[in-house]
Structures are given as C-alpha cells and as structure tokens.
Amino acid sequence: MAWLFLLPSLVLFLLFTGLPVVAALVISFTQWDLFNPPQFVGLQNYTSLFNDRIFGQVMGNTGLYVLASVPIQIVLGLLFALGLNRVIHGKTVLRIAYFLPVVTSTIAAALVWSWLFNTNFGVVNALLSAVGIAEPPKWLSSSKWAMPAVIIVSVWQNLGNGMVLFLAGLQNIRQDVYDAAALDAARGWKRLWFITLPLLSPTTFFVLIITLIGSFQVFELVFIMTNAGPANATNTLVFYIYQNGFQFYQMGYASAAAMILFAIVLFITLVQYRLQNRWVHYG
Amino acid sequence: MARPTRHSAWDWVIFIALLAGVIITCAPFAWMISTAIKPNAEVFRFPPTLWVEAPLWDNFLRVFTVIPFGRAFANSLMVTGAITILQLIVCSMAAYAFACLQFRGREVLFLIYLAALMVPSQVTLIPNFLVVRNLGWIDTYQGLILPFAFSSFGTFLLRQYFKTIPRELIEASRLDGCSHWRIYLFIVLPLGKPALAALAIFAFVSQWNNFLWPLITTTKPEMQTVQIALSTLQGQFNTDWPLLMAGSVLATMPVLAVFILGNKAFISGLTAGSFGGK
Amino acid sequence: MADVQLSGVQKAYEGHRVLHGIDLAIEDGAFCVFVGPSGCGKSTLLRMIAGLEEVTAGVISIGGAEVNDTDPADRGVAMVFQSYALYPHMNVAENMGFGLRMTGTPRAEIDRRVSAAAETLRIGELLRRRPAQLSGGQRQRVAIGRAITRRPEVFLFDEPLSNLDAELRVQMRVEIAKLHKSLGNTMIYVTHDQTEAMTLADKIVVMRAGRVEQAGKPLDLYVDPDNAFVAGFLGSPRMNFLSATVSNGGATLSDGQIIALPPLFASPTPGTALSIGLRPEHFSQPSEPDAWLDLKVDVTEHLGGTSFVYARGPGGEEVIIEQRGAAPEQDQIRAGFRVADVLVFDADGQRIR
Ligand SMILES: Nc1ncnc2c1ncn2[C@@H]1O[C@H](COP(=O)(O)OP(=O)(O)OP(=O)(O)O)[C@@H](O)[C@H]1O
Ligand SMILES: [Mg+2]
C-alpha cells in the first residue's frame, strides 16, 4: 500500500537523482565527447584537473568568492535580523523588502547590476565620483575588480535569505529567558553575547551550512556579468563544469570537476556536523 | 520586548541602518524600471538620473518583437506551473506514506531522500542531460518538467507538517472504513493546506528562476524559457540597456507578485525547513 | 531585607487598562500571596514589581526607595518563573551563578554561593547537567536555586508549582515554606491554588479584574471576608449563597421560611434583597444548631471521614453541605447550623456586618 504512494517519487528519484549520482562518478572515470563512445581512463581526469592551471585558478576564484561572500552575508544578515527584531511596526514590509532580491531571478539581477557597474554610465561609478574618487574601477572589465563586483551582487542577492532565517530564530527565543536575563543584569551587549547568540546558534549553524554550500554553486552571476572573464578572473567551479561539459563537450572531465564540487559540499557538511557540538546549543 | 529599553539613540541608529538597507536592496529595482522607460538620450547621460523626464513605454513592446519573448513567457508559465502541480502531487503522496503509514524500510528510505538534499544539482547535471537526450527529450516540455517533478525538500516539508495532524483523526477515519486514498484526499490534503501552499510558492519561485537546466536542454528559440530568452537578449543587444531592463522587469514581475502575495507561506516554509533540518 | 509598597499602581496596555490603582503594603519578611481568577492581573503586578513591565501610573518602592525607573537587576529582587526560564545552553551551576557573573562577582565567591544554594536545595549532584537533562521538579529547584544565589531582598514567584504533578507540588510547597522560614526574606507569590495560598501566606491579596478585593491574614479573609467574591473565592467546596429579603424577624428565604440573622451594626430596612453565605462545614455537626434548612438532595459524595451532600436550597440554589461520617442516603435533609456563622451580603455582594 505504502509503496503505491511512494511509486511516483521513487521512479523520479531513481531516474533523476539516484542513478545520476552513480553515473556521474562513473562518467568521471571516462573520456567522452558525446559523439564517440566513452572510454574508460581511470583517474586520468582527476590527475589532469590537478595539473590544469586554469582549474587551479578556478578553485582559487571560487575559494575567494566563498571566503568573502559567506562571512559578509552571515554577519550582515545577523545584524539586520537583530535590528529588525527590535522594530515593532512595519516588520512585515521590511522583511518583504529585504527578501525581494532573493526571489528575483539571478539573471535579471545580474543584468541590472551589470548596468549599475557599467564603467562609464553606471550608477556605482557615478556615486564613487560624486564622493571624490577620480578614477573609479572599471569593474566588470577589470580582472582585479570583476570578482569584487560579483561578490557585492551575491551579498545583495542572498542577504535576505540568512536574515529571514535569523529573524525566525530570534523570534523562537523565549521571552521568559530574556526576563530572567534582565533580572540577572545581562543587558545590552552582555545579553547579546551570553544569551541571544548562544540561543541562536542552531540557526547560525544552519545558515552557515546553506550559505557555504550555496556559494560554492555560484554560476548565473558569473555567466551574465562577466562570462567568467576577463581572462578567467571570475571563472568558478560550476562555470567550469558547464564550460567543459557543454561548450567543450568533455563530459568525463566536467564530471570529475562536478565530483570535486560534491566532495567539497560533503566535506563541509560533515565537518560542520562534527564541530557543531562545540558551539551549537540546542535547547 | 516587554521592557521598553531607554537607548533611544540606539533605536535611531538601528532605524537609519535598516532604512539604508532597504534603500540599497530596492534601489536596483528602481533603477531597472527607470532604465526600462528611458529614451536613449537619457540613458547615456552622466551623471545618471533615476527620474525619467520623457518616459517611453515602447521598450516593453520591443522585447516581444525582437525575440519570441511572448512564447518564452508562455513556456515558463507552462513549465513552472506543471512542475509546481507535479511536486505538490508527488511530494504529498510520498510525505503521506512517510508521515502516516507503517512500512518496512520507512526510515531508511526517508534518510536516502534527505541525503539527496546534500547532492548539488550540478553533480547530476551531466547524467540527467544524457538521460533526457537519450529519451529524445531535448527541446520538449517533458524534458524541462520531469527532472524537477520530485523534490526532496518538498517531501521533507510536507512530511513534517503531516506528522502534526493528530493520529486519532486518521485512526478514526480508518475505523469508519476510509481507504488510504480517501484519507489522503479528504483528510490529510485539506488539513495540510498551509504546507502545500508554502511548497507551491517555493516551487514556483525557484523553478521560474531556474536557468542552467533549460540552458542546456533547449536549443530552439521556441522552447526557451523566460530566463534563457533574457540571457539571449543580453547576447544580442548588449548595449541596449533599456531593452534589457524592460526584459528584466517583465521576467521578474510574476515571481515578485507571487512572492508578495504569498510571502507568509513562503517564509514559513523556508524557516520550517531550517528548524526541522537540525 | 526590604518591604514592598505599592501606591496607586496602574497598568495599561495600549490604552487598555488592566490594573486600576493598586495600594498595598507588604511588610519586611512577609510571605504575601496574590490570588484571583485567571486574567485578573496577578502576573502583571508581579512583573511590575520585578521591573519587567513599565509602571503606567503610581509608585512602587522596595526597602523605602522608589524603584519605578530602576533596572530589574538593581532592585534587589529575584524571580522564579512558572516556566522556570532556565538558560538552556548553560549547566545548572552556570545557570545559578549567571547573575553574579554578570555583576562581576569573583569566581570563588560565585562557586561558594552556588554550592551553598545547591546544598540547601539538595541539587549538588546535578550541577554539571543541562536543564534539558532534568526532571520538572529538579528544574524547579534549579530555578529557585538561581534566585537564592543572588541573595535578593525580595523573592518573586509566579505560579512556580503549576507545572508539577500533585505529589511534587505538596513537597515543593513545604520546601518553599521552609525556605522562607530559614531565609526570612520578603516573598511575593502568585498562585491559582488556594491551598498554596492558605498554607504559605502571612498575607493574602485577593484580586479581581485589576483591583484588590481584600488583603489580610489568611484566616481573617476566610472567616471575615469583606465581600461575596472573597468569601466565595477562598474555601473548597465554595461557600453557599442563598438569596433572601429582609423581614422583621430576620431574613425570608425564597420558600417563605424565615431565619434569624446574626446581630448587625446597621440593620437593613425590611424588603431589601440580601444574600446569605454559609460554608459547607458550617453544617457539619454544629454543637448547638439554632437554625435549619430543608434541602432536596441531588447526590451524596462519600469521602470516608466526611461526606458532601449536593442539594437544592429553597430557591433552587445549589447548596453543598459537609457531614461528618457517612451521611445516610435520603431524598430530603434537614441541615442544622448556627446563626452566628451566617455571613450577610447586600445585593452588590458587599458584606453587611
Ligand atoms: N503584553 C500584554 N498586552 C496586552 N494585554 C496584556 C499583556 N499581558 C497581559 N495582558 C492582559 O492583562 C490582564 C492580566 O494579565 P495577567 O497575566 O497579569 O493575568 P494573571 O492574573 O496572571 O492570569 P493567570 O492566572 O491566567 O496567569 C489580562 O487581561 C491580559 O489579557
Ligand atoms: Mg499569570
């Protein structure tokens, strides 16, 4: 009986998630251009990846992107949530406003920001020169500034996600614990440090995991804003997978890169679960 | 806060920070609309202005003529709508089995479904592409729809909610002779409406914005979704900013409308995922 | 040690008033209990004393000093919450020592005071556990321990026992009484449970709808209530009320029977409506009954030592009477009492003495 209810999900799950995971691993051991039959090449794709100078650059870019955008997203998300939690009127409207970028399609967001970052006619540089910066960066066409621009947009787009989760976590903290803290002379910063942040730690943990995992998968921003350029300065892991698979038709090579992404995501998840007992307090 | 704190200076700082935050979050939207209705003469003016002196609505029409945007819009509605409905059906059936039925292997299977949440979609991208290609589904609706008809997240969300339905209610209907199908259709689904609404909005928003999959599985312009059409617009007219912005406004509107109307359900689904997910 | 004085204390939430001017003096070292029906404002009043709610109007002073604008932590009060409100991320010792830590007390002193409190409450072996690993009764002790550790002038309790099972409640009630005896602090205690109120209190404050109905010693309130509300609120089963009208010989009940009234200072004019209050135990073998009621019996409950007879009075009012030993099963009963025990209330429920 139960299996009848499960049948549709099982079929779809096996066809589009279960088998593909296994297949991805298998394909990563082959050389396959889609036109000729696949050839088993063992670990060759992985060894070439490690010797691939561009892949090294791609990993460096991805790492930089993650290390910059995740902490900023989390810290700003938390600060805004703490601020918003004190607001009494208009909380819903503010929450919607902060969340709008999250539901906006990344393609549209990336297009708008490409325009805002336009070197000659964009708003960003107009503001920069208004505050007296004589030679504002060339942003998307500069190999030095393209990545910071992508990071700024990613923070803009994803900030609301963490913020909404933090806000829900804050609202889950019971008022009576705050009352007890008031009597125990924990106010202001002390209350934040000794009561609020520890009690919020399960949320922080969750937000950290999903933000980390999500940011390793950055693709659309790069695709639209810079097309991985200039000179691969913003080429990231998922873009590289896409490029190898669907522009160079190197299915095996792309799959090996995808397995590395998978390994990174699994590793983060496992490490976080291991570490969480040190600093996460479940009530 | 029960006790009104007396740091009114702080409250001002927070208020101003929040307001600045809102301005920064919303400014790009304002700029998107403003550019979309700007005549070319105003677009390339320095310094740029938000206010448009002679608004021009043509760009919204032009989007539909320079590329088959109308067709793309219809495709997106069709694909997103179908995925949303299918996810509601498939996930709710699975969630019913996990929440309300006893069977061997229940916990294990559920764990497997949950573990799938950890698999980045890019890992299964190539094998899925091969599956769809071998089925001859490139440039078809089924190729765009079926890979997303099931969602682990949705199953998890619904199962958590269904579990809160009192067991006695289900047992009482069993005693009244209801079959599992009747219980599912007439008790669990109606009671599960809030969670179903959350999933529906969630699925709609994320599928409307889906990009990478339609990018690799569509080749013909008439099968493209809105996001793909928008990206080709960039490729062809990469300095026609008003046109690009008009396309962005159009591509963003449905999902913003759905979100603003259903923001409560959406956010409750999002946060339920986080609190259950621990 | 400190007394607590309230004068003209009011509370309004967004213009909606829930406390209408409370005047109250709680002596140093007293055990004062607030009772009253749900929603009457007990918790609100207690939280205002703690400083967790702002005072809309009036003055609260503790130990002679006005505290209206004093921070909760600086009022010398500690509170035990109904939900315990322990910090879930700290172990028992950290929970108990947190207040001291926040005020910069040296580590050694904190440890000393925590272990002293733990010893008093016999929770020494629980100090390293988290609240989630404790039973309800243990959590309750920790919550009390946290209050003791801070050595407050005044203890505040908001229904501290209501989440415990019946047996544990009795046990903790006794412990709280002992604690009051040994510490000698002022304690203010909110409860629904009149047994708790009667047994613990030096002073009971009966509240209704944001007002104090009467305040005084438990037995004074029980024997000599100011109004029908207080009379009915204290005592279980509750006091019986019979409607009557004043006549020359005393009071005429609805069936025409006339009963004598106790001597009153201001005899009401004949014809005014009255209400006659008699507690169930006033019917249990009074030594020399000088008045009788004829009642129709509905049900008799035998509790062993005593029985409660649920009956109908002359006007159909429900009347409960207590009888020593096993009451015989019968349809009619003639219950005797003494006129001196009768309480008389006017039509508004105010006591006529
Ligand atoms: N934050 C608040 N906002 C508005 N009204 C409130 C608030 N807190 C309490 N009230 C109202 O104040 C009145 C008194 O509430 P309070 O909690 O003091 O009652 P109580 O006597 O403690 O009741 P109980 O015995 O049920 O705990 C109630 O009518 C309640 O609805
Ligand atoms: Mg209360």
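As you go down the protein sequences, you meet chains A, B and C in turn.
Count along the first sequence from 1, add 999, and you get the number used in this note's numbering.
Count along the second sequence from 1, add 14, and you get the number used in this note's numbering.
Count along the third sequence from 1, add 454, and you get the number used in this note's numbering.
Think of the CB as a built atom: it goes at the ideal place given N, C-alpha and C, for glycine as much as any other residue.
These numbers were taken from a predicted model, which means no experiment stands behind them.
| query | result |
| --- | --- |
| Contact test: Ser537(C) Cβ vs ligand 1 heavy atom, cutoff 7 Å | no |
| The stretch 1060 to 1078 of chain A in contact with the stretch 1227 to 1239 of chain A per 3-pair CB rule at 8 Å | yes |
| Per-residue burial, Asn639(C) [other beta carbons within 10 Å of its own, 16 or more giving buried] | buried |
| Cβ-Cβ distance between Gly551(C) and Gly512(C) below 8 Å | no |
| Interface residues of the stretch 537 to 558 of chain C facing chain A [CB-CB below 7 Å] | Ser537, Ala539, Tyr541, Pro542, His543, Phe552, Gly553, Met556 and Thr557 |
| Cβ-based neighbour list, Leu1127(A), same chain, cut-off 7 Å, excluding 5 preceding and 5 following | Pro1135 |
| Endpoints, the beta strand (DSSP E) within which Ser1068(A) is located | That residue, Ser1068(A), is in no beta strand (DSSP E); its alpha helix (DSSP H) goes Arg1052 to Arg1085. |
| Beta-carbon contacts of Ser997(A) that lie in its chain and below 7 Å, excluding the five residues immediately before and after | Residue 997(A) lies beyond the range of chain A shown here (1000 to 1282); nothing can be said about it. |
| Backbone CA spacing between Asp153(B) and Thr233(B) [nearest angstrom] | 6 Å |
| When Asp525(C), Leu581(C), Arg529(C) and Thr559(C) are compared against Val546(C), the one with the closest alpha-carbon | Leu581(C) |
| Coarse secondary structure for Leu696(C), derived from DSSP in three states | strand |
| DSSP bridge partner residues for Trp746(C) (one or two, in chain order) | Gly790(C) |
| C-beta neighbour in chain C for Val1176(A), strict 8 Å | yes |
| Arg766(C), enclosing beta strand (DSSP E) - first and last residue | Thr760 to Arg766 |
| Nearest neighbour of Phe609(C), chosen from Ala801(C), Gly483(C) and Leu460(C) [CA to CA] | Gly483(C) |
| Contact with chain A by Tyr175(B), beta-carbon distance below 8 Å | no |
| contact_flag[the stretch 1260 to 1272 of chain A, the stretch 1037 to 1053 of chain A] where n(CB pairs < 8 Å) is 3 or more | no |
| Cβ-heavy atom distance, Asp612(C) to ligand 2, below 7 Å | yes |
| Backbone secondary structure at Tyr643(C) - three-state DSSP | strand |
| In chain order, each beta strand (DSSP E) run of at least 3 residues that lies wholly inside the stretch 33 to 97 of chain B | none |
| Same chain, Cβ closer than 8 Å to Leu1110(A), five either side skipped, listed in chain order | Ile1223 |
| Chain-ordered chain B contacts of Ala1107(A) [CB-CB under 7 Å] | Leu244, Ser262, Ala265 and Thr266 |
| Residue from Leu1075(A), Phe1004(A) and Gly1168(A) whose Cα sits closest to the Cα of Asn1157(A) | Leu1075(A) |
| Span of the alpha helix (DSSP H), counted from its first residue to its last, around Met544(C) | It is not in any alpha helix (DSSP H) - Met544(C) carries neither H nor E in the DSSP assignment. |
| Cβ-heavy atom distance, Val472(C) to ligand 1, below 7 Å | yes |
| Own chain partners of Val1270(A) with C-beta closer than 8 Å, once the 5 adjacent residues on each side are dropped | none |
| Where the stretch 704 to 725 of chain C meets chain A: residues whose CB sits under 9 Å from a CB there | none |
| Contact with chain A by Ala456(C), beta-carbon distance below 8 Å | no |
| Among Ala1022(A), Phe1098(A), Ala1096(A) and Thr1105(A), nearest to Gln1216(A) - alpha-carbon criterion | Thr1105(A) |
| Closer than 7 Å at the beta carbon, the chain A residues around Ile179(B) | In chain order: nothing, as chain A lies at least about 15 Å away. |
| Between the CA atoms of Leu478(C) and Tyr532(C) - distance to the nearest angstrom | Here residue 532(C) is Ala; the residue named in the question, Tyr, does not match the sequence. Near 20 Å, if we compare the C-alpha coordinates of Leu478(C) and Ala532(C). |
| His1088(A): CB within 7 Å of a non-hydrogen atom of ligand 1 | no |
| Glu520(C), buried or exposed, once every other Cβ within 10 Å from all chains shown has been counted against 16 | exposed |
| Alpha carbon of Ala714(C) to alpha carbon of Leu757(C), nearest angstrom | 32 Å |
| Where the stretch 1232 to 1248 of chain A meets chain B: residues whose CB sits under 9 Å from a CB there | Leu1236, Val1237, Ile1240, Tyr1241, Gly1244 and Phe1245 |
| Option nearest Ser1141(A) by Cα separation, candidates Ala1227(A), Leu1196(A) and Leu1198(A) | Ala1227(A) |
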